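This report refers to the structure that appears directly beneath it.
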Amino acid sequence: MAKSYKRHIAKSITWRIIGTADTILLAWLISGDPLTGLQIGFAEVVTKMLLYYLHERVWFRIRAGITKNGDSKKRHIAKTITWRVVGTIDTMVLAWVISGDPMVGLQVGGAEVVTKMILYYLHERGWYKIDYGLKQRRKRIKEQQEAFNK
319 MAKSYKRHIA KSITWRIIGT ADTILLAWLI SGDPLTGLQI GFAEVVTKML
369 LYYLHERVWF RIRAGITKNG DSKKRHIAKT ITWRVVGTID TMVLAWVISG
419 DPMVGLQVGG AEVVTKMILY YLHERGWYKI DYGLKQRRKR IKEQQEAFNK
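In this text, residue positions in the sequence shown follow the numbering used here: the first is 319, and each later residue adds one.
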């Protein structure tokens with residue numbers, strides 16, 4: 319189980335790079351100010367890293383959505399939705415506080431709902447194909463398949 323922490327940290331870092339780039343671009347386009355975009359993007363690095371790590375730990379403990387063959391597309395969709403709710407609220411608050419304009423917060427949050435859900439789903443599917451931090455993944459999948467067959 320200790321290796322799963324390394325996996326969740328690695329996933330947190332890769333997602334944050336993708337998510338921050340998306341936020342910076344959206345905040346810049348919406349506010350019209352590249353500095354505001356950078357400030358919002360970099361401010362959320364800390365909050366999102368912590369929130370994403372906690373989100374991963376919760377979902378690691380939840381077994382819902384894992385299918386007989388070990389695949390979990392429905393699970394990834396559910397994780398995408400729950401993460402987007404948490405992430406959007408965080409971005410809206412940060413964008414509002416940094417820009418001083420609640421409409422900028424709402425617009426950035428609203429725009430990223432679409433872009434981030436697509437990017438997050440692709441990120442989850444990519445990480446599903448990587449065994450890093452899951453030394454016993456194949457053994458666990460086989461055990462799950464056997465349990466479903468009983």
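Think of the CB as a built atom: it goes at the ideal place given N, C-alpha and C, for glycine as much as any other residue. Quick caveat: nothing in here was measured; it's all calculated off a predicted structure.
{"Item": "Evaluate K447 with the Cβ neighbour count: other Cβ atoms within 10 Å of its Cβ, from every protein chain shown; 16 or more gives buried, anything less gives exposed.", "Value": "exposed"}
{"Item": "Within 8 angstroms, do at least three Cβ pairs link the stretch 412-422 to the stretch 355-364?", "Value": "yes"}
{"Item": "Considering Cα atoms alone, identify which of L347, K392, W333 and Y450 is closest to G405.", "Value": "W333"}
{"Item": "Would you call T398 buried or exposed, if buried means 16 or more other Cβ atoms sit within 10 Å of its Cβ?", "Value": "buried"}
{"Item": "For D408, report the span of its alpha helix (DSSP H) as first-last.", "Value": "K391 to S417"}
{"Item": "For G355, which residues in the same chain have their Cβ closer than 6 angstroms to its Cβ, ignoring the five residues on either side in sequence?", "Value": "I342, A345 and W346"}
{"Item": "Tell me which same chain residues have a C-beta within less than 7 angstroms of the C-beta of K329, skipping the five on either side of it?", "Value": "E374 and W445"}
{"Item": "Determine the closest residue to Y438 out of I331, Y323 and S322, with distance taken between C-alpha atoms.", "Value": "I331"}
{"Item": "Please identify the residue among R381, K392, H394 and G428 whose C-alpha is closest to the C-alpha of I348.", "Value": "G428"}
{"Item": "When you compare only the Cα positions, how much space is there between A382 and I358?", "Value": "34 angstroms"}
{"Item": "For T409, which of E430, I395, G418 and K392 has the nearest alpha-carbon?", "Value": "E430"}
{"Item": "Using the rule of at least 16 other Cβ atoms within 10 Å of the residue's Cβ for burial, across every protein chain shown, is Y450 buried or exposed?", "Value": "exposed"}
{"Item": "May I ask which residues mark the beginning and end of the alpha helix (DSSP H) holding R379?", "Value": "P352 to R379"}
{"Item": "Provide the residue span of the alpha helix (DSSP H) that contains I436, from first to last.", "Value": "P420 to Y446"}
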